[in-house]
Structures are given as structure tokens and as C-alpha cells.
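A short write-up of the structure that comes next.
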Amino acid sequence: MGSRMREYLPRIYDPLLKKRVRAKGAVLVEGAKWCGKTTTCERLAESAIYLQDPSTKAQNIRLAEIAPLELLRGATPRLIDEWQLAPQLWDAVRFKVDHREEFGQFILTGSAVPPDPKKMSHTGTGRIARMKMRPMSLYESGDSTGAVSLSALFAGEQVPIARSECSLEHMAFLLCRGGWPRAVGLDDESALLQAPDYLDGVINSDVSRVDEKERNPRVARALLRSYARFSASQGKVTEMLADVNAQGVQASESTVRDYIRALEQIFVLEDLLAWNPNLRSKTAVRTAPTRHFVDPSIAAAALALGPGDLMADLNTFGLLFETMCLRDLRVYADALGGEVYHYRDRSGLEADAVIHLHNGAYGLVEVKLGGESLVDEGAKSLLSLRNKIDVSTTGSPSFLMVLTAVGDYSYYREDGVFVVPLAVLGA
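Okay, so the sequence shown: first residue is 4 according to this note's numbering, each after it adds one.
Here it is, written out as C-alpha cells:
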């Protein structure tokens, strides 16, 4: 293992976790397997217990059933890794937090939503804060300069002229590599093996282990391939079912829905919900979510596509690049205390991403691979949407931005739209 792999790359979630730990008795950190939760939490913890450790797993799970408080002994903050393997610990943590009456007691991590809420008698509201962690953005992995700050744009600053050195070929590589900390710093060939390995683990193990319900790997693989084909669209479950069956895999609609739920529970899929602003005209807003993976590399692996394949199929590249941008925007929005949505209406007007902060400020974003005509198209759509929003109730957008895969610089158009290559964007 090279020294680069062992080096800790600072995460946007480091200061967020510190804030949560200081302000709550316990913090639950959730997110996809391999996204770096345990490593980030270990840096803050003073003691830890690892429920997935094979040498002590059976003993610890048995102890959680008969004497859960024993597992909570140790210096604080105490890390309880993969706590969902022993859901009884939730109530034990809540009990300890109540009795100690101190903040910063426990950090829980989990890569799956626990299947049996009956084993948890309390929601944890007020005692246990939640923080979702995502795979690395390009800024965290060192592949974006971060010269264009999303925070600064919301503060009303002009977009700086920031140079991007990233070619379309390299962006295709970064998409297929993904935001997995284990993949960052490896040689290209090894880095590109990580997402297919991740996908195999999901298909052959994780999708069944989430609720101990046996699921067919062939159905899981076919569904993930289909979901990837519907990336960045509002594809219906019935359309996915037809696609799964067309792959020679027989499944029912209820089966497809069950697999999607399981994949959401292990944070593999993360759809983008619709934004519903007040509009001047009575345009029907489409409320269906947009289909996305938590990381674009999973979609590329599901379709068995490498960087060269994406370069040969720019349409698919464009759809998966949208998922890549969504991953990064969600990370940066997390840093600002915001959420990301999408907008579509029946007239065909859209914004691929709407970043909405808790103070009501929002920015509108369109995603394009690059090129003058595509950027013009994105800017036109954003300007049309801005003119349709009732600013007397919703307020004016803080910015309009076309986010691109390529482009030599970030710049400000005469019509007021910012054009920003993804490789210069940061929090």
C-alpha cells in the first residue's frame, strides 16, 4: 500500500461532524459503503467498537442483546461502527445520553438503514443528530481547484475567471473512478477496478444483507443496469421493469420496487426530488424524482462502461456526468446547510439542479458537457425559468450557472449566467 493511500484527504464533512458532536449527545453518520465514514469519524473519536470485526462480531451482537450498555463503555466520543448490525444499541445510546446529560458522547456510523424499527423504541429526536456523508467530490479528491466557491456565489460575489486544466478524457476517467477514497491516488488501472468491485459487492451480498432477505443477483444486476440507463431522467418503475424483462430476467413490478427500496436503504441510489416554486403562470410542475446513483461510477460499472466507452457515446456520458455534478453539488450544499432539487415542467423548461439553502436563498444550475451551443441552450433555459418564477414570493435566484465538463475558464456571460467547469468548483 503506497503512502498516498494512507494519507488522509480532508473532507468537507470534517468540520460539519465536529459541529454536530459539540452540539448533541450523539451523532449518526450515514452513507454509502466505502465513502469514508469510519475513517473520518475515527479522527474525532477517543475510543471505538467495530461491530463488523469478524473476530468479535458474534460476541458483540450477543452482548448488544443482553447487556448493551457494556458496549458503550470507553472514552468519549465513542465510535460505534456499523451500529445497525445491533439495532438495540440505539436505545442504549439514547439512555446513556439522557443520563450523562453531556454532549459529544457517541458517534454511530452505518452503511444501511436498519430493517427492524421494532428493535428501537425511541426515534432519538433531540438526542441523536443525523449527518449523511457522500462519496468524495472532485474538490475533496484534489481533482478540482475549488477556485469558484459556491458559498461566495450565494454571498453575491461575481464568478472569478478560474482556469480549468481538465480535459474531457480526464473527466471521463474521474467519472468512472468515482469518489471512493480507496480509489484516489491509485494508478489509473487499479483505480478503475474499484467501482466494478463495489457493484459486485452490492449485487452479491449487500442488497440481501440489508434486511436478511434473499435477493437474486441476476435481478439486482439487471435492475442496476436499467437504472443506469434512466440516469438523469424521470424513468418510471414500469419502464424499468420492461427493460429488466428485455434483458432476459423475469421480475414483477413489486420485485423491482422491493429491490429499489433495498438499494436506497444501502445508499446506492439517491433520487433527486422536485422543486416546486411559486410561478407567475399556472404551469404544471412535474413532481416525479430524477433518477440518480450516489456516485456516477456505479452507473458506469452497471453499464460496463469505461472512459473510452464514454468518449465514444457522448449522450450517455452527458447523462452520467449530470449524476457526477449532482454528487458534488450535494456535498457542497451539505457544507452550506442546503438541499439540492430538480425542476421540470410540462412546457419542457428545466433546471438540472436547484440548490436551496435553509435561509431561502437558491441558485439554478444546468449541466452540459461543454461547447458553445450547449452552453447557450443551458443559459436560455435558466433565463426562461428565472422569468417564470414569482420573485415576489420566492425571491430572485442568487445565481444562474451552467456547469460543464470542459472549458478553459469559468466566466460571466453578458446575460448574467455563470459558466463554470466542474473541475474549478468547490464549497
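Ideal placement from N, C-alpha and C gives every residue a C-beta, glycine not left out.
Boundaries of the alpha helix (DSSP H) around V24: 16–26. The beta carbon of G39 lies closer than 6 Å to those of P184 in the same chain, with the five residues before and after it left out. Boundaries for G366: no alpha helix (DSSP H) harbours it, while the beta strand (DSSP E) harbouring it runs 365–371, taken from the DSSP string. Residue pairing by DSSP places F109 opposite A29, R81 in a beta bridge. About 39 Å separates the beta carbon of S255 from that of L425, a gap too long to meet the 8 Å contact definition. Exposure of V394 is indicated by the presence of fewer than 16 other C-beta atoms within 10 angstroms of its C-beta. Annotation: the segment 39–77 contains the following complete segments of the beta strand (DSSP E) (minimum length 3 residues), in chain order: 50–53.
Per the C-alpha coordinates, the member of H359, G182, T41, Y262 positioned closest to L339 is H359. Rounded to the nearest angstrom, the gap between the Cα atoms of V100 and G145 is 38 Å.
The Cβ atoms of Y53 and D94 do not sit closer than 8 Å to each other.
DSSP places A354 in the strand class (E or B) of the three-state scheme.
Annotated three-state conformation of I131 is strand, per DSSP. Counting the other Cβ atoms within 10 Å of the Cβ of G363 gives fewer than 16, which makes it exposed. Note that the C-beta distance between K27 and F106 is below 8 Å. Note: T407 is bridge-paired with K371, P424 in the DSSP secondary-structure output. Remark: C-beta atoms of L332 and S387 do not approach each other more closely than 8 Å. Around the beta carbon of H345, a 10 Å sphere encloses 16 or more other beta carbons of the protein chains shown; the residue is thus reported as buried. Between L111 and L31 a beta carbon distance of about 5 Å is seen, short of the 8 Å cut, so the two are scored as contacting. For Y201 and L308, the gap between their C-alpha atoms comes out near 15 Å. Judged by DSSP in its simplified three-state form, V151 adopts strand.
Within the DSSP bridge table, the entry for M314 names no partner. Bridge pairing for Y415: F421 [DSSP]. Straight-line measurement puts the Cα of A51 at about 10 Å from the Cα of C44. If you ignore the 5 residues before and after R25, its C-beta comes within less than 7 Å of the C-beta of F106, G107, all in its own chain and listed in chain order.
The Cβ atoms of A315 and L171 lie no closer than 8 Å to each other. Note that the C-beta distance between Y335 and G429 is below 8 Å. In this structure, the straight-line span from the alpha carbon of L82 to that of S211 is close to 26 Å. Collapsing the DSSP output to three states places A291 in coil. The alpha-carbon separation between D261 and A158 amounts to approximately 43 Å.
Taking C-beta atoms under 8 Å as the contact rule, V187 and M136 fail to qualify, at a distance of about 15 Å. Y11 counts as exposed, since fewer than 16 other beta carbons sit within 10 angstroms of its beta carbon. Fewer than three Cβ pairs drawn from the segment 173–180 and the segment 284–297 lie within less than 8 Å of each other, which leaves the two stretches out of contact.
Residue pairing by DSSP places I392 opposite L282 in a beta bridge. Exposed is the label assigned to K22, since fewer than 16 other Cβ atoms lie within 10 Å of its Cβ. Here H359 carries a strand assignment [DSSP, helix/strand/coil]. With a threshold of 16 other beta carbon atoms within 10 Å, Q197 meets it and is buried.
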